[in-house]
Amino acid sequence: MSSNSNSNSGRRRPALLVLDLINEIVHPDGKYAADGYFAQARDRSVLERTAEAIARARAADIPVIYVVVGFSADYTEWPAGSPVFEKARADGRLKLGTWATQVHDALAPEPGEPVVAKHRISPFHGTNLELLLRTREIDTLLLTGVSTELVVLTTAQAGHDLDFRVQVLEDATLAGDAEIHAAALKVLSRIATVTTVEGALPSTG
Numbered sequence: 001m002s003s004n005s006n007s008n009s010g011r012r013r014p015a016l017l018v019l020d021l022i023n024e025i026v027h028p029d030g031k032y033a034a035d036g037y038f039a040q041a042r043d044r045s046v047l048e049r050t051a052e053a054i055a056r057a058r059a060a061d062i063p064v065i066y067v068v069v070g071f072s073a074d075y076t077e078w079p080a081g082s083p084v085f086e087k088a089r090a091d092g093r094l095k096l097g098t099w100a101t102q103v104h105d106a107l108a109p110e111p112g113e114p115v116v117a118k119h120r121i122s123p124f125h126g127t128n129l130e131l132l133l134r135t136r137e138i139d140t141l142l143l144t145g146v147s148t149e150l151v152v153l154t155t156a157q158a159g160h161d162l163d164f165r166v167q168v169l170e171d172a173t174l175a176g177d178a179e180i181h182a183a184a185l186k187v188l189s190r191i192a193t194v195t196t197v198e199g200a201l202p203s204t205g
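First residue of the sequence shown: 1, per UniProt numbering; consecutive thereafter.
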């Protein structure tokens with residue numbers, strides 16, 4: 001899907017990506033809750049905003065694609081040298097197929113909606129995400145998720161270089177604290193459109 005084909009098509013074909021909004025990170029019982037993610041999600045109503053984005057996308061027949069980060073039970077894919085994932089193996093975090101890596105109940109996928117499992121920050125690394133997007137003829141990525149400075153930024157950068165238009169739904173994204181979130185949005189504004197749920201998915205009701 002080239003930039004030329006996007007411009008010739010005359011209309012946007014978006015998909016909503018729900019990035020790493022899993023129990024381990026945004027549920028109060030998750031092992032990353034103490035790192036500020038649960039508090040930020042609660043205080044900024046991020047789960048509620050994301051649920052609204054999902055509902056609006058479904059109503060408009062916009063594909064919703066979920067991405068969850070995690071590792072096999074034996075941590076075969078675990079990157080030993082990563083400061084991001086260094087805690088995971090030590091205390092059994094982010095095990096795929098467990099409650100920890102399930103999408104939060106407030107955002108649960110419907111039957112048929114893809115759930116892409118990844119083992120690194122980028123949802124494109126070692127996954128079939130690009131194939132899912134290309135086969136649906138998607139040209140625009142609407143990003144929600146956690147955290148703003150990691151998966152959201154990385155997805156925006158990769159999406160940009162793969163010739164997708166990228167929109168970041170600011171009120172449906174979060175970092176571990178407000179300062180990091182704001183700094184990440186400043187960087188994201190260089191490569192993507194920073195907007196809101198209402199801005200990207202206006203209500204038709």
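For each residue, glycine too, the CB sits at the ideal point set by N, CA and C. Nothing here was measured: the structure is a model prediction, and the numbers come from that model.
CA nearest to the CA of Leu162, picked from Thr140, Ile180, Ala39: Thr140
Give the straight-line distance between the Cα atoms of Pro14 and Asp61, rounded to the nearest whole angstrom. Rounded to the nearest whole angstrom, the C-alpha separation of Pro14 and Asp61 is 10 Å.
Below 8 Å, can you find three or more Cβ-Cβ pairs linking the stretch 126 to 141 to the stretch 46 to 61? no
If you count every other CB in all the chains shown that lies within 10 Å of the CB of Glu24, and 16 or more means buried, which is it? buried
Reducing DSSP to helix, strand and coil, say where Leu162 ends up. Three-state DSSP puts Leu162 in coil, outside helix and strand.
Where the beta strand (DSSP E) through Val146 begins and ends: 140 to 146
Are the Cβ atoms of Ala78 and Arg93 separated by less than 7 Å? Here residue 78 turns out to be Trp, not Ala, going by the sequence shown. With respect to the 7 Å criterion, Trp78 and Arg93 are not classified as neighbours on the basis of their beta carbons.
If you compare alpha carbons, which of Tyr37, Ala183, Ile121 is closest to Ser82? Ile121
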